[in-house]
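In what follows, a single structure is set out as structure tokens and then discussed.
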Amino acid sequence: MSRLDFVVRRAAFAAVTAVVVLTAVFLLVAVPENPNVSLVKFYAAMAGEDPEAAAAAYRASHNLDKSLWWRYTHWMRNVVTLRFGRSQSMGAPVSDIIVRRAPYTLGYVVPAVALSVVGGVTAGVASALRRGDVSDRAGAVVAYLGYGVPNFYLASVLLLLVGTAFGWDGTGFDTEAGVLTAKNARRYVLPTAVLATTLAASQLRYARSLSADVLGEEFVRLVRAKGAPPGRVARHVVRNAAVPLVTLTFADLLGVLVLNVYVLEFVFDIPGLGAVSLAAVRDRDVPLVLGTTTLVILVGVVGNLLQDVAYAALDPRVDE
Numbered sequence: 003m004s005r006l007d008f009v010v011r012r013a014a015f016a017a018v019t020a021v022v023v024l025t026a027v028f029l030l031v032a033v034p035e036n037p038n039v040s041l042v043k044f045y046a047a048m049a050g051e052d053p054e055a056a057a058a059a060y061r062a063s064h065n066l067d068k069s070l071w072w073r074y075t076h077w078m079r080n081v082v083t084l085r086f087g088r089s090q091s092m093g094a095p096v097s098d099i100i101v102r103r104a105p106y107t108l109g110y111v112v113p114a115v116a117l118s119v120v121g122g123v124t125a126g127v128a129s130a131l132r133r134g135d136v137s138d139r140a141g142a143v144v145a146y147l148g149y150g151v152p153n154f155y156l157a158s159v160l161l162l163l164v165g166t167a168f169g170w171d172g173t174g175f176d177t178e179a180g181v182l183t184a185k186n187a188r189r190y191v192l193p194t195a196v197l198a199t200t201l202a203a204s205q206l207r208y209a210r211s212l213s214a215d216v217l218g219e220e221f222v223r224l225v226r227a228k229g230a231p232p233g234r235v236a237r238h239v240v241r242n243a244a245v246p247l248v249t250l251t252f253a254d255l256l257g258v259l260v261l262n263v264y265v266l267e268f269v270f271d272i273p274g275l276g277a278v279s280l281a282a283v284r285d286r287d288v289p290l291v292l293g294t295t296t297l298v299i300l301v302g303v304v305g306n307l308l309q310d311v312a313y314a315a316l317d318p319r320v321d322e
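The numbers in this note's numbering rise by one with no breaks, and the one at position 35 of the sequence shown is 37.
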């Protein structure tokens with residue numbers, strides 16, 4: 003099977019997975035009664051109006067009186083064109099809200115991922131090359147601490163320390179200013195540090211374990227026996243550990259990011275996608291809930307597809 007055939011098959015599988023998961027999400031939201039209908043009835047009764055008439059008008063205005071199949075096909079067409087309707091709580095198109103809020107999330111996610119991958123893999127390979135000495139043990143301790151300490155606790159401790167030492171609370175973004183203006187840029191320091199700590203710890207563990215396995219191979223022992231410097235040995239190790247490391251990296255990053263974005267944006271008061279998603283659930287904003295949930299699903303599916311593409315590019319056995 004050629005690399006192209008492999009990628010095409012994985013892309014088809016990703017598309018089917020996306021449709022199945024999106025269908026399940028739609029059914030979870032669409033089959034039960036819309037939670038806002040009960041509120042409409044309540045406020046109509048309080049105003050002395052007919053609750054059932056008000057509920058019927060609400061259902062008609064939001065196409066809830068249509069068949070389930072009509073709503074499903076209509077929603078899937080909108081997903082393909084990235085039109086998720088209009089937010090009921092914010093009064094703006096969901097797509098526009100996502101576009102406005104995404105930079106706040108990317109502002110700390112992108113540098114955290116870059117720092118963690120470079121730092122974690124480098125430290126993991128170095129630790130494996132010095133297996134058994136003090137630096138190796140210290141790296142293992144740091145990795146387990148970084149991976150084991152909950153992010154919400156680490157974020158709270160950092161906020162307390164920074165506030166005590168510098169009189170700065172480290173939270174609060176000016177949404178009127180640019181995302182990367184001087185006023186907002188410093189607000190990314192703490193969430194970037196917290197997220198990078200967790201991600202780097204997992205990358206260090208994976209890189210150390212996989213590098214240690216490669217170091218036990220016959221060809222590495224031969225390279226070392228010829229007197230190769232540590233840098234050359236490290237290049238051989240990274241090249242041969244790249245395939246499983248890329249697979250583990252993608253899978254771990256997706257899981258950690260999806261969970262920690264919500265925590266960090268709550269603790270640091272970041273007006274990003276995680277905060278918007280939580281606000282949508284709190285406000286019973288169904289279009290916004292569906293929009294943000296769909297985005298998470300698409301990111302997960304695309305991320306796994308990129309993992310498969312990277313695997314096909316790095317592993318020559320795919321062509322066998």
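Note that CB positions come from ideal geometry on N, CA and C, so glycine has one too.
- The stretch 87–96 makes contact with the stretch 278–287: 3 or more CB pairs, one atom from each, lie closer than 8 Å.
- Restricting attention to alpha helix (DSSP H) runs no shorter than 4 residues, the stretch 261–312 encloses them at 275–284, ordered along the chain.
- For P193, the secondary structure class from DSSP, reduced to helix, strand or coil, is helix.
- Counting the other CB atoms within 10 Å of its CB gives R79 a total below 16, which places it among the exposed residues.
- Rounded to the nearest angstrom, the Cβ distance from V111 to L6 is 31 Å, too far for a contact under 8 Å.
- Take V216, set aside five residues on each side of it, and the residues of its chain with a beta-carbon closer than 7 Å to its own are V222, V239, N242, A243, in chain order.
- A13 is positioned such that its CB atom lies no closer than 7 Å to that of V303.
- Separation of L147 and A195 (C-alpha to C-alpha, rounded to the nearest whole angstrom) is 14 Å.
- According to the DSSP assignment, E220 belongs to the alpha helix (DSSP H) that extends over 220–227.
- Leaving aside the five residues that flank V225 on each side, the residues in its chain whose CB is nearer than 8 Å to its CB run, in chain order, R234, V235, H238.
- Contact between the stretch 124–137 and the stretch 197–211 is present: 3 or more CB-CB pairs across the two stretches fall below 8 Å.
- Sequence-distant partners of F175 (beyond 5 residues in either direction) whose C-beta falls short of 8 Å from its own C-beta, in its chain, are Y106, N186, R189, D271, I272, P273.
- DSSP, read as helix, strand or coil, puts R234 in helix.
- Non-local C-beta neighbours of V127 in its own chain, meaning closer than 7 Å and more than five positions away in sequence, comprise A209, S213, A236, V239, V240, ordered along the chain.
- Short of 6 Å from the beta carbon of S129, and not among the five residues preceding or following it, lie these beta carbons of its own chain, in chain order: D138, G141, R210.
- Distance from L292 to V31 at the Cβ level is roughly 6 Å; contact confirmed, criterion being Cβ atoms closer than 8 Å.
- The shortest CA-to-CA distance from L300 to any of P95, T25, A59 is the one to T25.
- Burial is judged here by how many other beta carbons sit within 10 angstroms of a residue's own beta carbon; W77 has at least 16 and is buried.
- Residues G274, L275 of the same chain have their beta carbon placed closer than 8 Å to that of A104, with the five preceding and five following residues left out of the count.
- Within 10 angstroms of the beta-carbon of D52 lie fewer than 16 other beta-carbons, which makes it exposed.
- Pairing V39 with A56 gives a Cβ-Cβ distance that is not under 7 Å.
- Assignment of R102 by DSSP, reduced to helix, strand and coil, places it in the helix class.
- Shown here, R210 sits in a helix according to DSSP, grouped into three states.
- In this structure, the alpha-carbon of A253 lies about 20 Å from that of V151.
- Considering only R11, A277, D287, the residue with the shortest C-alpha distance to H64 is D287.
- In the three-state scheme derived from DSSP, where H, G and I count as helix and E and B as strand, R88 is classed as strand.
- Under the three-state reduction of DSSP, P34 is assigned to coil, being neither helix nor strand.
- Boundaries of the alpha helix (DSSP H) around V81: 70–82.
- P95 sits in a strand when the DSSP states are folded into three classes.
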